Amino acid sequence: MQTHRFNWPIWAGFLLSWIALLSYFFVFVWFPVTRDVPWANLLLFGIAAALVLIGVRRAYAPGRPRRAKIAGVALATLSIALCGCFVFATWIMARRLPASQSAPQMGQKAPDFRLSDIHGTPVSLAELLAAPVNGHAPKGVLLVFYRGAW
Amino acid sequence: MAISVDAPEISRALCQKAGYTYTFLSDPQADVIRRYDLVHAGAGINGQDIARPGEFLVDASGTVRWVNLTDNYWVRARPDQMIAVAKALR
Chain A
8 MQTHRFNWPI WAGFLLSWIA LLSYFFVFVW FPVTRDVPWA NLLLFGIAAA LVLIGVRRAY
68 APGRPRRAKI AGVALATLSI ALCGCFVFAT WIMARRLPAS QSAPQMGQKA PDFRLSDIHG
128 TPVSLAELLA APVNGHAPKG VLLVFYRGAW
Chain B
30 MAISVDAPEI SRALCQKAGY TYTFLSDPQA DVIRRYDLVH AGAGINGQDI ARPGEFLVDA
90 SGTVRWVNLT DNYWVRARPD QMIAVAKALR
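Residue numbers (my numbering), protein chains in the order written: chain A, 8 to 157; chain B, 30 to 119.
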């Protein structure tokens, strides 16, 4: 009876595809250099693709049982799906943003407002622009609107 | 200053955990976010309206001098970019 070797490349490629997908959201988003352009994850997917390709070729090598071919194709398909999820989450979903055409543009007045800070104290934009900082009038204020806690 | 729909308690916990010292404001009904046309309807984790990312540099007269409206919510203005823009303000 022929003992067949474990098709480690296909499993390694599949596992690496999971790592390539999840590591973006748990590791690489914390660093702007790997967040803005996810090159680290694309690189991991590239290596995973190479391993999967080698694994599929192995699965179709002569003498391999049919279930090896089925498993090979299944894992390859799943790996491609994981890459698809990554592209969908970072490129397609993330770009589904409203046009915000009426947002204040350069040269326009920023609408005033009054909102509570973390201690519940009301703060207004006009007050912030007027209140001295270290004895000097502030040059301006940077407003950073963000999505909020997930 | 940072503005989102998060309640003050949530922002306070975030500031304490991350050590932020700048001003965090709460806009739970997204009123100011709407006034700035930054509403991303239903995009919140519970389907609530939240802000789409956007950064504005406002000068002492209240005029907008720099705007950054990203087309991808993973790509936002970096701190060094914002500091450079703020430093260039006259």
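Just so you know, even glycine gets a beta-carbon here, dropped at the ideal spot from N, CA and C.
This one's a predicted model, so the numbers in the text were calculated from it and none came from an experiment.
Nearest to residue i by CA position, among the options, is which residue?
i               : options                         : result
D56 of chain B  : B:P37, B:K46 and B:Q45          : B:P37
A88 of chain A  : A:A156, A:A106, A:T41 and A:L22 : A:L22
V23 of chain B  : B:F53, B:L118 and B:A47         : Since the first and last residues shown for chain B are 30 and 119, residue 23 of chain B lies out of range.
F120 of chain A : A:A75, A:L132, A:G62 and A:L149 : A:L132
Y51 of chain B  : B:R105, B:Y102, B:I39 and B:A31 : B:A31
F152 of chain A : B:D66, B:G91 and B:A115         : B:D66
P108 of chain B : A:A68, A:F38, A:L135 and A:N14  : A:F38
A101 of chain A : B:V104, B:Q110, B:K46 and B:I79 : B:V104
A156 of chain A : B:A72, B:R63 and B:N97          : B:A72
R103 of chain A : B:A59, B:A80 and B:E84          : B:A80
A75 of chain A  : A:F13, A:H126, A:Q112 and A:A96 : A:F13
G53 of chain A  : A:A110, A:A66, A:G91 and A:G114 : A:G91
G205 of chain A : B:V93, B:S33, B:D78 and B:G48   : Nothing about residue 205 of chain A can be reported from this structure: the residues present for chain A run from 8 to 157 only.
Can you find the residues in the same chain that come closer than 8 Å, C-beta to C-beta, to residue i, ignoring five residues on each side of it along the sequence?
i               : result
P139 of chain A : P145
G35 of chain A  : For the sequence presented, residue 35 of chain A should be read as Phe rather than Gly. Excluding residues within five positions, the ones whose Cβ falls inside 8 Å are T41, R42, P45, A47 and N48.
L85 of chain A  : F21 and S24
V130 of chain A : R121, L122, S123 and D124
S30 of chain A  : A47, N48 and L51
C44 of chain B  : T50 and F53
L136 of chain A : P145, G147 and V148
The beta strand (DSSP E) with residue i in it runs from where to where?
i               : result
P129 of chain A : P129 to S131
G70 of chain A  : Taken as a continuous stretch (DSSP letters only), G70 of chain A belongs to no beta strand (DSSP E), as it is neither H nor E.
S33 of chain B  : A31 to S33
F95 of chain A  : Neither: F95 of chain A is in no beta strand (DSSP E) and is coded neither H nor E.
V96 of chain B  : V93 to N97
D160 of chain A : Chain A is shown only over 8 to 157; residue 160 of chain A falls outside these bounds and no answer can be derived.
G147 of chain A : G147 to F152
Please work out which residues of its chain come closer than 6 Å, Cβ to Cβ, to residue i, disregarding the five sequence neighbours upstream and downstream, and give them in chain order.
i               : result
I61 of chain A  : P16
M8 of chain A   : A caution first: M8 of chain A carries a pLDDT of 44, below 50, which makes its placement in the model too unreliable to give a value.
Q110 of chain B : none
T99 of chain B  : P82 and R105
E84 of chain B  : N97 and A106
D78 of chain B  : A59, V68 and A70
S109 of chain A : none
A117 of chain A : P111
Let's test the definition: count the other Cβ atoms within 10 Å of the Cβ of residue i and tell me whether it reaches 16, buried, or not, exposed.
i               : result
N141 of chain A : exposed
A27 of chain A  : buried
N75 of chain B  : exposed
H69 of chain B  : buried
A81 of chain A  : exposed
F32 of chain A  : exposed
G79 of chain A  : buried
I62 of chain B  : buried
S19 of chain B  : Outside the displayed span of chain B (30 to 119) sits residue 19 of chain B, for which this structure offers no information.
F95 of chain A  : exposed
L150 of chain A : buried
P69 of chain A  : exposed
W95 of chain B  : buried
T97 of chain A  : buried
Quick one: what's got a C-beta closer than 7 Å to residue i's C-beta in the same chain, skipping five residues either side?
i               : result
A55 of chain A  : G20, L23, S24, A27 and S86
I39 of chain B  : none
A115 of chain B : L86
D35 of chain B  : S55
Ends of the alpha helix (DSSP H) at residue i?
i               : result
R42 of chain A  : P39 to R42
W25 of chain A  : W15 to F33
K116 of chain B : P108 to A117
In chain order, each alpha helix (DSSP H) run of at least 4 residues that lies wholly inside the segment 37-82 of chain B: 37-47 and 60-64
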